[in-house]
Every structure is written in structure tokens, then in C-alpha cells.
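Student: I'd like to ask some things about the structure below.
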Amino acid sequence: LKVGTLSEGHEEDIDGYVWQADTSGIKASWDADDHQSGVLGYKVAVGTTKGGTDISSWKDYGSDTDIYIKGLTLTVSNETAHYPVYYVSLKAINGAGQESDPVISSPIMVVDEDEPGIVIDGADRTEIPIMSDIGDDLDYQSDMSTVSVQYTGFESHLHGVMAYEWAVGTSQGGEEVQPFMPHGIIHNEEKDVKGDGVTSSGYAQITLPLDPETTYYTTIRGITNAGNVIEATSDGFTVDITPPIIAIDRLTGLTSSDNNIQSGGSVYQKSADSLSAMWHYNDTESGIERAWYSVGTYPYAEDVSPRKEVDVSSVLLSELPLALVTPDLT
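For the sequence shown, the working numbering begins at 15 and goes up steadily by one.
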């Protein structure tokens, strides 16, 4: 009686247990003989103890000797406690209708399926000699020649991830900019990697020609010792090389139709009580996240009101509230 494989394969055990990631069925195959009346059929049961039937009671499988026991509900095993484990029990029925004593399989442990992990753009935290956690994801960058990526959580309990490749494209999972290759990947040093793999995390960087206003996606591909591929793609980053445009809509009592309120112009007001202004932003690539203002007696000065952060409305407007800043009349 073999489990975890069909008749063509060999039963593989790890420290006395057969490992599988399938939580809804078990592969089993066997051979039997009765020199007197022959074997007419077989019965199979599954349980969490030797000979147990708590997972699946005895079922007739006819003369089949190569089956997939489907419709099971198997819980992932605790690898340290080795619990729960599962056993397949087999009985043969001869021509006289007599049943053999049950044959019990090797214990089966259910492990997690292959995990593709998380991929983020950017080099945040990669300068730390020993990275304990992945950095923050990058959505925009002004650099037109560098692609950086980080990944973590790639795991294969059954076979281990033995190699990594990465690609860069203008579509998710694409290779339009760089085809899949292993070069440039730095593996993080880890202990107790699942499946005795090389690592579950790392980072990579390469010089590539990038175009502004274009979104790029980085894909990491892990290859297990069995040749299976587990893959994940970043949410992409966009190259933005143009600064925001700021246009003044109102300054004191004048509006944008008055040319004097634009850069380089001069404006006069009678009131000495306060200054007021309103302006809007325009950035079609990465948008506006934060903004500041200051007031001074010469360009870019802060001698009247030091730099302060200002709210940016949903329609990309900001204003200097009335009476917040008083002109310097000295």
C-alpha cells in the first residue's frame, strides 16, 4: 500500500511521514493476491489513527488498485506536534467473500500549499545589513534608469523554493522591458526555510531605460525543487519627472484674470489687517500629496510667516485663510 502517489510513482516520506498539500483527497495505490480464489475487490477507509474511519468510513472501490480518495476534509498538520496525521486502511476481498485484515499506510501529514508571497517596488530598507522586514511599497519615482524590487513569503513546504527569477514589464506579469532572469537577485539569509529552500525573501535592482508617465510592473518567480513555479507581481510604479504646476487664483482682492498676481507681478492693497490668497495645483502623473506656504518680503522668504503645511482639497485647491497672516508694514 502506497500513499501520496499512484501506481507509477514511489512513496516519498520525510522523517517517516508522507507529506502532501491536498486538503480534499489522498492518492493511494496497492497490490494484493489470493492464490486460492483470487481477489474480487477492495475496501478503503481514512482516519486520524491507525485503522481509523473518522475521516472516511469503509468504501468499496471494486477491483481498482490505483485511486484518488476524494471528498475528504483534511486539516493542515502541525509540523512540530505531528498532529493531526492521517492513515489509509485497505482490505482485500477474495472470491469466497472473505475480508483480509486491514493494511495500514504510512502516516500522512498535510502541509500548506505553495505560497507565492508578496512583491513590492522600491529599495526601502534594503540598505540595512540584515533585513527583518520588507520595506514600504513605491508607487512613483523620478529615476528613469533604475528598477528595484523586494519580495517575501515565497514558500513551498513540499519541495522548497530552490531558485528565483524576475522580470519587468508594462503589464502585470509582463516581460516587455526585461525577460525573466536570475541575475541581480540578492537572497536574504534565513533559518528553517520551508522545504529546505534557499530563502523565502530577497531583493533585486537593475539599470533599465524607463519612460516618463509609464507604469512598470515587477514579477518574481520562485521555482521549487519539483519544477513547480510560484509567481507574484507588484502593483506597479510610475515614472514622474515633472514637478507640480501651481497657479494663483486669488491674491488679496484680485483674481486670476489680473495678470499682476502671477509670478513676477506686483500687487497693492489698502488694508493692513491681513493677507488672503487661493491657488490650485496640477499634476497629472503622481498627484499632490502635501503642500506648504510661506510669506516673506522677498522671493521664497519666510520672514513674515514661516513655512507651514496647508490642506489640499479634493479638487486640488489650497488657500491662505483671511486674517491668518498680517502684512509687515515696517
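For glycine and all other residues, C-beta sits at the position ideal for the given N, C-alpha and C. Model, not experiment: these values are computed from the prediction.
Can you tell me where the beta strand (DSSP E) with P193 in it begins and where it stops?
Tutor: Within the sequence shown, the letter at position 179 stands for residue 193. From DSSP, the beta strand (DSSP E) with P193 extends over 192-195.
Student: Let's test the definition: count the other Cβ atoms within 10 Å of the Cβ of R235 and tell me whether it reaches 16, buried, or not, exposed.
Tutor: Numbered from its first residue, the sequence shown carries residue 235 at position 221. The residue is buried, with at least 16 neighbouring Cβ atoms inside 10 Å.
Student: What number of angstroms, rounded off, separates the C-alpha of I255 from the C-alpha of V124?
Tutor: Position 241 of the sequence shown, counted from the start, is the residue given in the question as residue 255. Position 110 of the sequence shown, counted from the start, is the residue given in the question as residue 124. If I take the Cα positions, the gap works out to 51 angstroms.
Student: Compute every distance between the C-beta of T62 and the non-hydrogen atoms of the ligand SAH, then say whether any falls below 7 angstroms.
Tutor: This structure lacks the ligand SAH; in fact it carries no ligand of any kind.
Student: DSSP three-state label for K208, please.
Tutor: Taking the sequence shown and counting its residues from 1, the one referred to as residue 208 is at position 194. Here K208 sits in helix by DSSP.
Student: If you follow the beta strand (DSSP E) that R264 is part of, which residue opens it and which one closes it?
Tutor: For the purposes of this step, residue 264 is identified with residue 250 of the sequence shown, where counting begins at 1. 259-265 is the span of the beta strand (DSSP E), which, as asked, contains R264.
Student: Rounded to a whole number of angstroms, what is the C-alpha to C-alpha distance between D68 and G61?
Tutor: By 1-based counting over the sequence shown, the position of residue 68 is 54. By 1-based counting over the sequence shown, the position of residue 61 is 47. Distance between the alpha carbons of D68 and G61 is about 5 angstroms.
Student: Give me the residue from V163, A305, T19, V253 with the minimum Cα distance to S120.
Tutor: Working through the sequence shown from its first residue, we reach residue 120 at position 106. Closest option to S120, Cα to Cα, is T19.
Student: Going by DSSP, which residues form a beta bridge with K84?
Tutor: Along the sequence shown, one-based indexing puts residue 84 at 70. Partner(s): G39.
Student: Pick helix, strand or coil for I200, following the three-state DSSP scheme.
Tutor: Translated into the one-based positions of the sequence shown, residue 200 becomes position 186. Looking at I200 - three-state DSSP - the assignment turns out to be strand.
Student: Give the single residue among V117, M195, I244, D150 whose Cα lies nearest to the Cα of H173.
Tutor: In the sequence shown, residue 173 corresponds to position 159, counting from 1. Here the closest residue by C-alpha is I244.
Student: For I275, which of helix, strand or coil comes out of DSSP?
Tutor: Stepping through the sequence shown from its first residue, residue 275 is reached at position 261. DSSP places I275 in helix when its eight states are reduced to three.
Student: Is W44 helix, strand or coil when you go by DSSP?
Tutor: On the sequence shown, residue 44 is found 30 positions in, with the first residue counted as 1. Three-state result, W44: coil.
Student: When the distance is taken between beta carbons, is A305 closer than 8 angstroms to S332?
Tutor: Counted from its first residue, the sequence shown places residue 332 at position 318. Counted from its first residue, the sequence shown places residue 305 at position 291. Yes. Within cutoff.
Student: Less than 8 angstroms separating the beta-carbons of V281 and T269?
Tutor: As a first step, residue 281 is located in the sequence shown; it is residue number 267 there, counting from the start. As a first step, residue 269 is located in the sequence shown; it is residue number 255 there, counting from the start. No; because the gap between Cβ atoms is not below 8 angstroms, this pair is not in contact.
Student: Since I believe F194 is in contact with E179 (beta carbons under 8 angstroms), could you give me their beta-carbon distance rounded to a whole number of angstroms?
Tutor: Indexing the sequence shown from 1 puts residue 179 at position 165. Indexing the sequence shown from 1 puts residue 194 at position 180. Right, the Cβ-Cβ distance comes to about 4 angstroms (below 8 angstroms), so this counts as a contact.
Student: I think T89 touches P98, with their Cβ atoms under 8 angstroms apart; what is that distance to the nearest whole Å?
Tutor: As a first step, residue 89 is located in the sequence shown; it is residue number 75 there, counting from the start. As a first step, residue 98 is located in the sequence shown; it is residue number 84 there, counting from the start. Rounded, the Cβ-Cβ distance is 6 angstroms, consistent with contact.
Student: Mapping DSSP to helix, strand and coil, what is K73?
Tutor: To locate residue 73, count along the sequence shown from 1; it is residue 59. The answer is strand: DSSP assigns K73 an E or B state.
Student: Let me check one thing: in DSSP terms, what residues is K10 bridge-paired to?
Tutor: Only positions 15 to 344 of the chain appear in the structure, and residue 10 is not among them; the question remains open.
Student: With which residues is Q164 paired in a DSSP beta bridge?
Tutor: For the purposes of this step, residue 164 is identified with residue 150 of the sequence shown, where counting begins at 1. Answer is I134, Y217, bridged to Q164.
Student: For E303, tell me which candidate among H96, D126, D153, K205 has the shortest Cα-Cα distance.
Tutor: Residue numbering aside, residue 303 sits at position 289 when the sequence shown is read from its first letter. When only C-alpha atoms are compared, the closest one is D153.
Student: Give the secondary structure of K284 by DSSP, where H, G and I count as helix, E and B as strand, and everything else as coil.
Tutor: For the purposes of this step, residue 284 is identified with residue 270 of the sequence shown, where counting begins at 1. In the structure shown, K284 sits in coil (DSSP, three-state: anything other than H, G, I, E or B).
Student: Please state if the CB of V175 and the CB of A246 are separated by a distance shorter than 8 angstroms.
Tutor: Residue 246 sits at position 232 when you count from the first residue of the sequence shown. Residue 175 sits at position 161 when you count from the first residue of the sequence shown. Cβ distance not < 8 angstroms, so A246 and V175 don't count as in contact.
Student: Flag this pair as yes or no: are the beta carbons of T233 and G187 separated by less than 8 angstroms?
Tutor: Position 219 of the sequence shown, counted from the start, is the residue given in the question as residue 233. Position 173 of the sequence shown, counted from the start, is the residue given in the question as residue 187. Contact flag set, yes.
Student: Using a threshold of 8 angstroms, state whether the C-beta atoms of H197 and V212 are closer than that.
Tutor: Indexing the sequence shown from 1 puts residue 197 at position 183. Indexing the sequence shown from 1 puts residue 212 at position 198. Cβ atoms of H197 and V212: not closer than 8 angstroms.
Student: Any idea which residues DSSP pairs T229 with across the strands?
Tutor: Locating residue 229 in the sequence shown gives position 215, counting from the first residue. Paired residue(s): T252.
Student: Return the bridge partner residues of Y31 from the DSSP annotation.
Tutor: Mapped onto the sequence shown, residue 31 falls at position 17. Answer is I28, bridged to Y31.
Student: Could you have a look at N242 and say whether DSSP puts it in helix, strand or coil?
Tutor: For the purposes of this step, residue 242 is taken as the residue at position 228 of the sequence shown. N242 falls in the coil class under three-state DSSP.
Student: Taking all protein chains shown into account, decide if T384 is buried (16 or more other Cβ within 10 angstroms of its Cβ) or exposed.
Tutor: The chain is shown only over 15 to 344; residue 384 falls outside these bounds and no answer can be derived.
Student: Using 8 angstroms as the threshold, is the C-beta distance between E129 and A35 below it?
Tutor: On the sequence shown, position 115 is the one that residue 129 refers to. On the sequence shown, position 21 is the one that residue 35 refers to. In this structure, A35 does not lie closer than 8 angstroms to E129 by Cβ.
Student: Shortest alpha-carbon distance to D78 belongs to which of S71, S38, V58, T311?
Tutor: Position 64 of the sequence shown holds residue 78. Closest by alpha carbon: V58.
Student: Using the DSSP secondary-structure output, state which residues sit across from T269 in a beta bridge.
Tutor: Against the sequence shown, residue 269 aligns to sequence position 255. DSSP lists R264 as partners of T269.
Student: Since I believe V253 is in contact with L222 (beta carbons under 8 angstroms), could you give me their beta-carbon distance rounded to a whole number of angstroms?
Tutor: Counting from one through the sequence shown, the residue named residue 222 turns up at place 208. Counting from one through the sequence shown, the residue named residue 253 turns up at place 239. Not confirmed; about 11 angstroms, so no contact.
Student: Would you identify the three-state DSSP class for M158, choosing helix, strand or coil?
Tutor: As a working note, residue 158 is residue 144 in the sequence shown. DSSP places M158 in coil when its eight states are reduced to three.
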